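Enquirer:
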Amino acid sequence: LGKALSEPHASSRDDFQNSSRELDIMHRCADGIEGYLGSRLMGGGFGGSTINLVREDQLEAFMAELGKRYKAETGIEPTIWALKPGNGAFYEDV
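Each residue of the sequence shown is one higher than the last, beginning at 10 in the working numbering.
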């Protein structure tokens, strides 16, 4: 699942050129941190945010290390949120 999440980031960056320097750095900084499974930009690109799939038992350490790596490379203190997926959209007959 992590690989399937990461591959579209490369496509957005290389094929559609809708990534940004900062998103590419965030994506690259996440790679190799313990608990990391995959990441990609989210939204329409051209700035914005990345979504990272991380093992729950490594979440806090991952967030701290990602923030440290990103700030060291960019000088920018990132905002990092931990979220859990919901049930998604559904159709309800009323």
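For each residue, glycine too, the CB sits at the ideal point set by N, CA and C.
None of these values were measured; they are calculated from a predicted model.
(1) So for L32, helix, strand or coil by DSSP?
(2) Taking the alpha carbon of R30 as the point to measure from, which residue in P94, T59, Y45 and F71 has its own alpha carbon closest?
(3) Distance check for Y100 and S28, CA to CA, integer angstroms please.
(4) With distances taken between CB atoms, is the gap from I42 to E82 smaller than 9 Å?
(5) Here's a check: name, in chain order, each residue in its chain whose Cβ is nearer than 6 Å to the Cβ of M72, leaving out the five neighbours to either side.
Expert: Taking the geometry as given:
(1) To locate residue 32, count along the sequence shown from 1; it is residue 23. In the structure shown, L32 sits in a helix (DSSP, three-state: H, G or I).
(2) By 1-based counting over the sequence shown, the position of residue 30 is 21. Nearest option by C-alpha distance: T59.
(3) As a first step, residue 28 must be located in the sequence shown, where it is residue number 19. As a first step, residue 100 must be located in the sequence shown, where it is residue number 91. S28 and Y100: Cα-Cα distance of roughly 33 Å.
(4) If you number the sequence shown from 1, residue 42 lands on position 33. If you number the sequence shown from 1, residue 82 lands on position 73. It is not a contact, given that the beta carbons lie outside the stated cut-off.
(5) To locate residue 72, count along the sequence shown from 1; it is residue 63. Hits under 6 Å: I89.
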